[in-house]
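Mapping the sequence shown onto numbering that gives the first Met the number 0, position 73 (from 1) lands on 72, and the numbers just tick up by one.
Glycine is no exception: its CB is placed at the ideal position from the N, C-alpha and C atoms.
Just so it is clear, the structure is predicted and the values come from calculations on it, not from any experiment.
These notes concern the structure reproduced below.
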Amino acid sequence: MNLSKENALLHYTWGEHCEAWEFVESPSLSIKQERMPAGTSEALHYHEKAQQFFYILSGTATFEINGKSFTVKEKEGRHIDPMSRHRILNKSFADLEFILVSEPSAKGDRIEV
Numbered sequence: 000m001n002l003s004k005e006n007a008l009l010h011y012t013w014g015e016h017c018e019a020w021e022f023v024e025s026p027s028l029s030i031k032q033e034r035m036p037a038g039t040s041e042a043l044h045y046h047e048k049a050q051q052f053f054y055i056l057s058g059t060a061t062f063e064i065n066g067k068s069f070t071v072k073e074k075e076g077r078h079i080d081p082m083s084r085h086r087i088l089n090k091s092f093a094d095l096e097f098i099l100v101s102e103p104s105a106k107g108d109r110i111e112v
């Protein structure tokens, strides 16, 4: 089956009016599309087992990873290793949309810092 936002397995909101559309969720793999409005961010955290890859569809993301800041633009991606303290921020004036792949799934594997 082809998946899109309209027929995602699950749609939910998180943080400050951020949204996620879940396309794949299994113990070994998670794939989501997420949207963050301008000026929003997530809490600093890490995953003990999951590695993650963020691919920016539109907008510009700022990542804080292990105390360093990185800018990732549209059509670029960023890999996050397990145990890396990280968060994504949208410091821009436009929505940020990205694909998030976690392997294995980060469900139940998120430790807030």
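**Message:** Spatial neighbours of T70 within its chain, please: C-beta separation below 7 Å, excluding the five flanking residues on both sides.
**Reply:** T59 and T61
**Message:** DSSP has R77 in a bridge; who is on the other side?
**Reply:** F53
**Request:** Please report the Cβ distance between N89 and M35, rounded to the nearest whole angstrom; I am assuming they are in contact, meaning their Cβ atoms lie under 8 Å.
**Result:** 4 Å
**Request:** Over the uninterrupted beta strand (DSSP E) stretch that includes R34, give me the two end residues.
**Result:** L28 to M35
**Message:** Could you give the first and the last residue of the continuous beta strand (DSSP E) run that contains H46?
**Reply:** From DSSP, H46 is part of no beta strand (DSSP E); its letter is neither H nor E.
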